[in-house]
Amino acid sequence: MRIALEPVSSRTTIQEGVYQQLRNALMAGNFDPGQTLTIASLAETFGTSNMPVREALRRLAAENALEVAPNGSARIPMVTRARLDDLCRARIAVEGLATELGVPHLTAKDIEKLETIAAEQHAIGRNSNVYELMAKNQQFHFTIYSASGSEVLLQLIETLWLRFGPYMRMLSTSVEPLMRSGEIDPADPHLAIIEALKAGDVTRTRDAVINDIRRTHEILRDYCPATDEEQRLKSPASGLRR
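Residue 6 is where the sequence shown starts when you use the working numbering, and the numbers rise one by one after that.
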């Protein structure tokens, strides 16, 4: 269930509507790394003129979610192992802090909501509906982070998830067959988070969230192309030189 881009009609919200729809689609990993997004094709999809699309692409490029060419078209950034490592380091730092601040404010109703989301993820995993699963994953994490009450942290996390979009796309491709075979239950990391929350243990909850990020990182690293320098260091010839 990919996030579908829909026509935007209201003049007062048209620019913001295009931006938000594209932003959500990027965060959910709806586009391939390196994919080109043209103004004309997006304007046709949204049923708008070129101007709001151009402005949305400009804003997303400012958030480092897109690379804009001189002709105005945009490209989804390519994935690299070095960039993945950098993003995951930042995610661990920022999302770990948001978890620490958020846990004391989560209510029994919030924890019940998290349990419902995890149960839905388990059911979705059996059907291999990867895009719906990604949306549930985002809902789970942001329920915790939103409780932090920090507008700054939430903005930082959203920006990191936006830049993580191409990796989520790659993750969906690699994880789908593993879910179908039963090798992976997407709810497992979240169950550990819920148990820590029920125990009222802030440190344990933070560590469980960080472990979830690290688990994703480890899976993705095997699918990311190494940089030229990483390939050189791993080659037998370079080992002999050392």
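Yeah, the Cβ is synthetic: ideal placement off N, Cα and C, and Gly gets one too. For clarity, every value in this text was computed on a predicted model and none was experimentally measured.
Helix, strand or coil at residue i according to DSSP, with G and I counted as helix
i	result
Glu163	helix
Ala79	strand
Phe147	helix
Ala231	coil
Tyr24	helix
Gly205	coil
Pro12	coil
Asp217	helix
Pro191	coil
Ala123	helix
Thr4	This structure does not reach residue 4, given that the chain is present from 6 up to 247, and the question cannot be answered.
Ala140	helix
Ser153	coil
Thr210	helix
Thr178	helix
Residues near residue i by beta carbon distance below 8 Å, same chain, minus five either side
i	result
Val180	Val135, Ile189, Pro191, Ile224
Ala123	Phe145, Ala192, His195, Leu196, Ile199
Glu163	Met32
Gly130	Leu138, Met184, Ile189, Asp190, Pro191, Ala192
Leu89	Tyr172, His222, Leu225, Arg226, Cys229
Lys118	Thr148
Identity of the residue in the options nearest residue i by Cα
i	options	result
Ile218	His195, Asp206, Thr41, Val207	His195
Ile19	Gln40, Arg63, Ser54	Ser54
Gly5	Leu111, Arg59, Thr178, Val207	This structure cannot settle anything about residue 5, because the visible part of the chain is limited to 6 through 247.
Asn69	Pro182, Phe169, Thr178	Phe169
Ile107	Asp90, Thr221, Arg211	The question names Ile, yet the displayed sequence has Gly at residue 107. The shortest C-alpha separation from Gly107 is found at Arg211.
Leu47	Pro38, Arg59, Asp37, Gly39	Arg59
Leu202	Asn132, Gly34, Arg174, Lys114	Lys114
Lys104	Leu62, Ala204, Thr148	What sits at residue 104 in the sequence shown is Thr, not Lys. Looking at the Cα atoms, Thr148 is the closest of the given residues.
Other residues of its chain near residue i: CB distance less than 6 Å, five sequence neighbours each side excluded
i	result
Asp227	none
Trp166	Met32
Thr41	Ser78, Arg80
Leu161	Val99
Ser151	none
Beta-carbon proximity list for residue i, same chain, < 7 Å, skipping 5 on both sides
i	result
Arg64	Tyr24
| Segments assigned alpha helix (DSSP H), at least 4 residues, entirely inside the region 29-105 | 44-51, 55-67
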